[in-house]
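Enquirer: Counting from 1, one number per residue, gives the positions in the first sequence under full-length UniProt numbering.
Built from N, CA and C at the ideal position, the CB exists for glycine as well.
This is the structure, below, for whatever I ask next.
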Amino acid sequence: MTAETLRAQLLHWYDANARSLPWRTGPAEGAAGVRSDPYRVWLSEVMLQQTTVPHATPYFLKFTARWPTVSDLAAAPDEDVMAAWAGLGYYARARNLLACARAVARDHGGVFPDTEEGLRGLPGLGPYTAAAVGAIAFDLPTNVVDGNVERVMSRLFAVEQPLPAGKPELKRLAGALVRDDRPGDWAQALMDLGATICRPKSPLCDRCPVAEHCAALATGAPDSFPRKSAKAERPHRYGVAYVLTRGDEVALVRRPPKGLLGGMLALPTSEWRAERWSETEALAAAPADAPWRGVGEVEHGFTHFTLTLQLLRAEGDAGEVIWSPRRDLDALPSVFLKAAKAGLTNLL
DNA sequence: GACGCGTGGAA
DNA sequence: TTTCCAAGCGT
1 MTAETLRAQL LHWYDANARS LPWRTGPAEG AAGVRSDPYR VWLSEVMLQQ
51 TTVPHATPYF LKFTARWPTV SDLAAAPDED VMAAWAGLGY YARARNLLAC
101 ARAVARDHGG VFPDTEEGLR GLPGLGPYTA AAVGAIAFDL PTNVVDGNVE
151 RVMSRLFAVE QPLPAGKPEL KRLAGALVRD DRPGDWAQAL MDLGATICRP
201 KSPLCDRCPV AEHCAALATG APDSFPRKSA KAERPHRYGV AYVLTRGDEV
251 ALVRRPPKGL LGGMLALPTS EWRAERWSET EALAAAPADA PWRGVGEVEH
301 GFTHFTLTLQ LLRAEGDAGE VIWSPRRDLD ALPSVFLKAA KAGLTNLL
């Protein structure tokens, strides 16, 4: 009984409170049989992996304006797509995005598969994204479980088992609420609830449409769910970044295709290690024989370590580099854009 | 199952 | 300032 009541209450809430987002078809259109473009749903879902709506939105608008269809994207050069993704982070997503677009164009006639299994077989589509595209674009009754849904389930049922070990149980609980009725809206309603009401911190329980079902609220400390295992602290690493200029141009390199910042343009750097670099060591690792001088340093936080880049600056020449005008530095990942700006500006 | 993989905004 | 984190995926 409570499951059907909960579903009706949440869907009713969604009909009145759904967020308006560039990639979303509203409930009214959905009711009229209008479904969202699978390409736009997929693109938005990939961009939103571990990424906030405000950060992803301008990228989504830029990509869809430049590449309106999956076939357009499939035909784009690698470097154009990587440059357009610069600043959004998790660059393996961009590599898989292109691989997926080309797979759809080559193996599926430019049309996204309309089954969860078919979607799951595409590069970059894991359990969440395949389920989300299936539900939102094709109205398939998939079990869409992201961080929002896990949080909502952990609170509704006051799940004591901490994450990440508790994920299977949370997924099971979510799956028990899926029906053939409005699966796309159901998935988005659950995620909107998590994003706007059932937030990680300071949940707005007094505005929650399903508060009467919430076991966590009944405990008096809903924000203590989901329980989480302690995580390891982030180590610190040091590297030297070399800002070599030739007039208005800056020397860049293309990073190896896999690993950290894989496939992206970058400043030449030394190895990154646990100890700070001495001036002698920094000069020995330089990409060119030039009149290097120290111009300070920048710090940047990655997911699993903090990096200090010691900056050396020189005017000169070098082989094996890509000369790029200063105005094109927005093709760099944030860490190198930050370092390049500091290196070009500092007059230490 | 654990780990590697970005970023910028909020508290 | 520091911490936490936001619609995960691949290995």
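(1) Out of V240, A174, F225 and T306, point me to the one whose CA is closest to G343's CA.
(2) Please confirm if the region 10 to 24 is in contact with the region 70 to 85, defined as three or more CB-CB distances below 8 Å between the two stretches.
(3) Sort out for me which residues DSSP pairs R254 with in a bridge.
(4) Per the contact definition of three or more C-beta pairs closer than 8 Å, is the region 134 to 142 in contact with the region 176 to 191?
(5) Count the other CB atoms, across all protein chains shown, that sit within 10 Å of the CB of V34; report buried if there are 16 or more and exposed otherwise.
(6) What separation, rounded to the nearest whole angstrom, lies between the Cα atoms of L337 and H213?
(7) With DSSP as the reference, please indicate the residues paired to R102 in a beta bridge.
(8) Using DSSP with H/G/I as helix, E/B as strand and the rest coil, what is Y128?
(9) Candidates Y90, A211, E160 and P222: which alpha carbon is nearest G259's?
(10) Put Y238 into one of helix, strand or coil per three-state DSSP.
(11) Which value, in whole angstroms, describes the spacing of the CA atoms of F112 and A130?
(12) Among G175, R273, F305 and F60, whose alpha-carbon lies nearest the alpha-carbon of residue 371?
(13) Look up A314 in the DSSP assignment and say whether it is helix, strand or coil.
(14) Is the region 267 to 284 touching the region 99 to 106 in the sense that three or more CB pairs, one from each, lie closer than 8 Å?
Expert: Based on what the coordinates show:
(1) V240
(2) no
(3) Beta-bridge pairing links R254 to L265.
(4) yes
(5) Exposed, since its Cβ has fewer than 16 Cβ neighbours within 10 Å.
(6) 48 Å
(7) BP columns for R102 are empty, so no partner.
(8) helix
(9) Y90
(10) strand
(11) 11 Å
(12) Because residue 371 is not part of the residues shown, which for the chain are 1 to 348, the question remains open.
(13) Collapsing the DSSP output to three states places A314 in a strand.
(14) no
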